[in-house]
Amino acid sequence: MDEEFDVIVVGAGFGGPVAARICAKAGLKTLMIERSENVGDKVISGLTIPFYGFLFGPEFIRDGNPPIERPSDGIINYIIKDIEKGDIEIDDSLRVPKPFSPIIAFGYNAYCKPFCEWEVRKAVDAGAILKKSTTAIDVIREDKYVKGIITDKGERIRSKIVIDAEGSKGLLAVKAGIREKYRPETISLADTYDYVMLKEYVDKIFGYSVKMCWGWDEQRIAPPLGYGNGLMVWPYRNSIHFMQDQCLRINESHIPNLNKLFKEYHSNITQKLPWWKNLVEPRAKLRARMWDGFEIYVGLNKELRNMPNHIDGMILIGDAAGLESTELCDGVPAAWFSAEIAANVAIDAIHTNNTSKLFLKKYDRKIKRHPIIQWSISGRNRFNLRTAQKEHDLKKLRKYIHNGWGLGSLTHFMTPFFKMLLSDVNKDPTIITKWIKMFFRYYQNWFYESYDYSSIRKFREATSKKLKKMEMKFTRYLRLIDSLLKSLKKRKKLLSAIVVPFSNSLNNLMKKTLPIFEPIYSFILKLLNPISNRLNIKILKFVEYANPSVFHT
Amino acid sequence: MVRTFKEFPGVEWVEGTGDFIKINEEKCIGCMNCVNVCLASCFEIVEQKARVKSLEKCMECASCWYVCHEDAIIFTWPLGGTGYKSEWG
Ligand SMILES: Cc1cc2nc3c(=O)[nH]c(=O)nc-3n(C[C@H](O)[C@H](O)[C@H](O)COP(=O)(O)OP(=O)(O)OC[C@H]3O[C@@H](n4cnc5c(N)ncnc54)[C@H](O)[C@@H]3O)c2cc1C
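Just so you know, the sequences run in chain order A and B. Okay, so the first sequence: first residue is 1 according to the working numbering, each after it adds one. Okay, so the second sequence: first residue is 554 according to the working numbering, each after it adds one.
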């Protein structure tokens with residue numbers, strides 16, 4: 001390739017195509033390099049992409065129809081006290097309550113390959129060029145500046161900026177001298193099994209909830225160096241995904257025989273865990289087994305967390321920048337957020353003809369100011385869980401599970417969430433109704449088993465009069481919310497003066513009030529259960545039958 | 554050409570990767586870390602040094618590279634378009 005590009009994006013996983021699309025849309029000549037034969041061939045994940053990735057992430061994903069497998073309304077935590085006796089405790093407080101579940105979702109479960117392919121199509125539609133089966137093995141350097149990449153075929157492809165979205169191993173970043181090999185303490189190795197299962201069984205056994213198991217080491221469900229969790233199981237459409245992960249090293253320098261151990265833990269769980277043994281095992285058929293390492297503990301180390309993510313002419317995003325979350329083990333939202341920021345900085349840099357590291361520092365400053373990225377890479381809860389497990393302290397274990405994966409997460413998530421919400425509403429006051437439409441549209445896509453219902457489903461002329469009326473009402477309400485928020489925007493200053501300081505102390509407020517609020521909340525939920533269920537059926541019916549156009553932006 | 558293995562369903566390996574993991578024998582101290590961490594049994598110890606037995610089932614997770622504190626493992630990617638792939642990740 002003799003052409004010169006404005007931007008080369010290395011890696012077409014979750015983050016790369018987002019950066020490529022934004023750059024291409026801004027008129028930059030953009031090339032995406034992907035080492036696998038087909039996009040998504042080598043991306044292995046869970047995967048629940050949390051709702052905040054969709055709400056605060058790229059517009060084309062929020063307003064589009066990405067391929068999701070199932071909405072997820074939260075997590076059910078099983079604390080395995082004695083696997084032999086079936087002594088198990090449950091914490092399922094982190095679930096979106098009825099009547100909102102599963103329309104308002106905690107996240108969306110997805111397979112990586114169709115999702116990344118969808119993103120890449122959007123980037124290509126916007127004008128980016130995709131080059132597959134090509135590994136970037138080094139960067140072109142001229143006077144300290146990165147000026148493109150060198151491929152495994154020996155090609156030298158030049159560009160003004162390289163956005164490195166190569167994922168967690170960061171081999172190119174190491175070559176370029178921005179990173180060193182991460183220490184094994186920061187890496188978790190995840191052993192993953194994919195099972196086929198009839199949809200009706202997945203519906204019955206899992207519904208919309210991810211299941212997670214926790215326990216003492218001797219229960220042999222949690223790998224010995226795991227930071228707490230024994231396993232996670234994600235329900236998909238006609239399948240389920242099972243994952244155990246294990247840190248490559250904690251304090252011990254000795255690495256145990258993982259091949260033997262993972263097998264042992266897997267068979268222990270599948271043969272002894274009551275819900276797996278009785279419900280899943282007879283109905284599930286193993287379809288695939290694979291594994292990958294991910295660097296979810298990078299952020300725990302302040303020094304690593306503060307490493308620069310750029311040099312002259314090159315920016316790291318997503319996993320390549322170490323932006324995996326220690327709090328929930330999710331990395332897709334941070335990959336999307338950082339891709340957007342990087343693309344916008346790259347566009348500015350190219351327009352001002354300044355790709356120096358001094359200019360690109362803007363990117364790092366924005367990453368450091370991003371409330372959700374910073375929250376997600378610095379949470380210590382999984383370390384705390386490990387300590388509780390080691391000490392066999394059930395009280396602590398309960399507390400940390402509740403803090404990390406139960407309602408207690410509100411005590412550290414409220415401030416970053418609210419800050420993001422405010423800044424997005426300030427930028428675009430109609431965003432709230434876009435979010436509502438997104439939730440409804442995603443549910444409709446899931447329900448009609450199609451990633452883009454509008455191309456398959458004919459508009460339902462036959463919707464009943466009652467539904468038509470509801471559609472009209474719904475549209476009117478959304479317009480009302482929009483105009484209300486627009487008028488609020490005019491009072492932005494006043495809003496910031498009151499709301500910003502308030503959002504800063506939200507976490508503390510939650511810490512203080514949650515012990516009182518939580519029992520009241522569960523009591524009210526129980527009390528309202530019959531009404532919520534009825535309302536839930538009504539809402540679902542409306543979303544299932546309404547004309548899809550009302551859920552478009 | 555594509556390889557599959559019964560013990561790893563749902564995964565295929567496209568041939569032509571080249572020797573993408575190598576061991577620097579001078580640096581290797583035979584600590585067994587790479588042998589223990591590898592779920593695809595790619596390594597063996599011969600005369601107190603690690604050796605790549607076979608990369609045919611390697612899933613390119615790089616765990617061997619991370620745990621080698623002597624930096625004896627040279628880890629690169631297989632040639633573009635080759636190596637493991639799966640629909641179900
Ligand atoms: C087992 C597991 C479970 C996970 N679960 C979740 C979850 O539930 N929720 C969540 O949000 N996140 C989860 N993650 C994290 C999430 O998958 C990552 O954070 C996300 O994929 C990062 O996106 P990225 O674009 O930075 O990198 P990736 O998506 O990894 O993409 C990198 C791409 O670059 C390509 N590439 C690499 N090197 C080169 C090169 N030199 N030249 C050309 N191409 C190259 C790769 O083939 C790949 O396609 C999980 C990860 C793992 C491993």
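All C-beta atoms, glycine included, are put in the ideal place defined by N, C-alpha and C. Treat the numbers as computed from the prediction; the structure is a model and nothing was measured.
Rounded straight-line distance, which links the Cα of residue j to that of residue i
i, j, result
"Gly15(A)", "Pro99(A)", "33 Å"
"Glu303(A)", "Ser378(A)", "12 Å"
"Glu34(A)", "Ser616(B)", "21 Å"
"Gly177(A)", "Asp482(A)", "48 Å"
"Ala12(A)", "Gly64(A)", "19 Å"
"Lys272(A)", "Val590(B)", "26 Å"
"Lys434(A)", "Glu59(A)", "10 Å"
"Ser532(A)", "Glu391(A)", "41 Å"
"Gly583(B)", "Tyr619(B)", "15 Å"
"Val9(A)", "Leu385(A)", "37 Å"
"Lys285(A)", "Leu198(A)", "10 Å"
"Val139(A)", "Pro501(A)", "45 Å"
"Leu488(A)", "Leu495(A)", "8 Å"
"Ile205(A)", "Phe596(B)", "40 Å"
"Tyr208(A)", "Lys473(A)", "28 Å"
"Phe106(A)", "His402(A)", "16 Å"
"Ala462(A)", "Arg237(A)", "No answer about Ala462(A) holds up, because its pLDDT of 46 lies below 50 and its placement is not dependable."
"Arg70(A)", "Phe262(A)", "27 Å"
"Gly148(A)", "Ile221(A)", "47 Å"
"Ile76(A)", "Thr30(A)", "43 Å"
"Glu117(A)", "Leu509(A)", "42 Å"
"His310(A)", "Lys575(B)", "29 Å"
"His241(A)", "Ala497(A)", "46 Å"
"Val162(A)", "Met314(A)", "5 Å"
"Lys396(A)", "Phe417(A)", "26 Å"
Residue i, DSSP secondary structure in three states
i, result
"Asn77(A)", "strand"
"Gln244(A)", "strand"
"Asn301(A)", "coil"
"Lys458(A)", "Only weak support is given to the placement of Lys458(A): the predicted model assigns it a pLDDT of 49, under 50, and the question is left unresolved by the model."
"Thr355(A)", "coil"
"Leu267(A)", "The amino acid at residue 267(A) is misidentified as Leu; the sequence shows Ser. Three-state result, Ser267(A): helix."
"Ser378(A)", "helix"
"Ser505(A)", "coil"
"Leu323(A)", "coil"
"Ser594(B)", "coil"
"Ala339(A)", "helix"
"Trp435(A)", "helix"
"Phe558(B)", "strand"
"Glu89(A)", "strand"
"Phe5(A)", "strand"
"Leu261(A)", "helix"
"Arg398(A)", "helix"
"Ser36(A)", "coil"
Identity of the residues DSSP links to residue i by a beta bridge
i, result
"Leu231(A)", "Cys213(A)"
"Ile315(A)", "Ile163(A) and His310(A)"
"Gly636(B)", "Val567(B)"
"Gly404(A)", "According to DSSP, Gly404(A) bridges with nothing at all."
"Asn109(A)", "Thr48(A) and Arg70(A)"
"Arg95(A)", "Gly74(A)"
"Thr151(A)", "Ala136(A)"
"Gly293(A)", "Leu189(A)"
"Thr30(A)", "Val7(A)"
"Ser239(A)", "Val196(A)"
"Asp143(A)", "BP columns for Asp143(A) are empty, so no partner."
Proximity test, Cβ basis, 9 Å: residue i and chain E
i, result
"Val43(A)", "Among the protein chains of the structure shown, namely A and B, there is no chain E."
Subject >> Interfacial residues, the stretch 584-609 of chain B to chain A, with Cβ spacing under 9 Å >> reply: Identification of residues in the stretch 584-609 of chain B having a C-beta nearer than 9 Å to some C-beta of chain A yields Cys584, Met585, Asn586, Cys587, Val588, Asn589, Val590, Cys591, Leu592, Ala593 and Ser594, given in sequence order.
Original post:
Using Cβ-Cβ distances below 7 Å, what residues of the stretch 555-568 of chain B are close to chain A?
Top reply: Phe561, Pro562, Gly563, Val564 and Val567
**OP:** Select from the stretch 501-527 of chain A all residues with a C-beta closer than 7 Å to any C-beta belonging to chain B, and list them in chain order.
**Re:** none
**OP:** Check each residue of the stretch 286-310 of chain A: if its Cβ is closer than 7 Å to any Cβ of chain B, include it; give the result in chain order.
**Re:** Answer in chain order: Leu286, Arg287, Ala288, Arg289, Met290, Trp291, Asp292 and Gly293.
Original post:
Just by C-beta distance, which residues in the stretch 79-103 of chain A are closer than 9 Å to chain B?
Top reply: none
Original post:
Which residues, taken in chain order from the stretch 107-125 of chain A, show a beta carbon closer than 8 Å to some beta carbon of chain B?
Top reply: Tyr111, Cys112 and Lys113
**OP:** Name, going along the chain, the residues of the stretch 172-205 of chain A whose beta-carbon falls closer than 8 Å to a beta-carbon of chain B.
**Re:** Against chain B - using a Cβ distance shorter than 8 Å - the residues of the stretch 172-205 of chain A are Lys181, Tyr182, Arg183, Pro184, Ile187, Leu189, Asp191, Thr192 and Asp194.
**OP:** Note down, in chain order, all residues in the stretch 255-277 of chain A with a beta-carbon under 7 Å from any beta-carbon belonging to chain B.
**Re:** For the stretch 255-277 of chain A, residues whose beta-carbon sits nearer than 7 Å to a beta-carbon of chain B comprise Ile255, Pro256, Asn257, Leu258, Asn259 and Phe262.
Original post:
For the stretch 627-638 of chain B, which residues have a beta carbon sitting closer than 9 Å to at least one beta carbon of chain A?
Top reply: Sequence-ordered contacts of the stretch 627-638 of chain B with chain A read Phe628, Thr629, Trp630, Pro631, Leu632, Gly633, Gly634, Thr635, Gly636, Tyr637 and Lys638 [C-beta pairs closer than 9 Å].
Original post:
the stretch 8-36 of chain A: which residues have C-beta closer than 7 Å to a C-beta of chain B, in chain order?
Top reply: Arg35 and Ser36
Subject >> the stretch 126-141 of chain A: positions lying closer than 8 Å to chain B by Cβ >> reply: Lys132, Ser133, Thr134, Thr135 and Ile137
**OP:** Please name the residues in the stretch 149-162 of chain A whose beta-carbon is closer than 9 Å to at least one beta-carbon of chain B, in chain order.
**Re:** Thr151, Asp152 and Lys153
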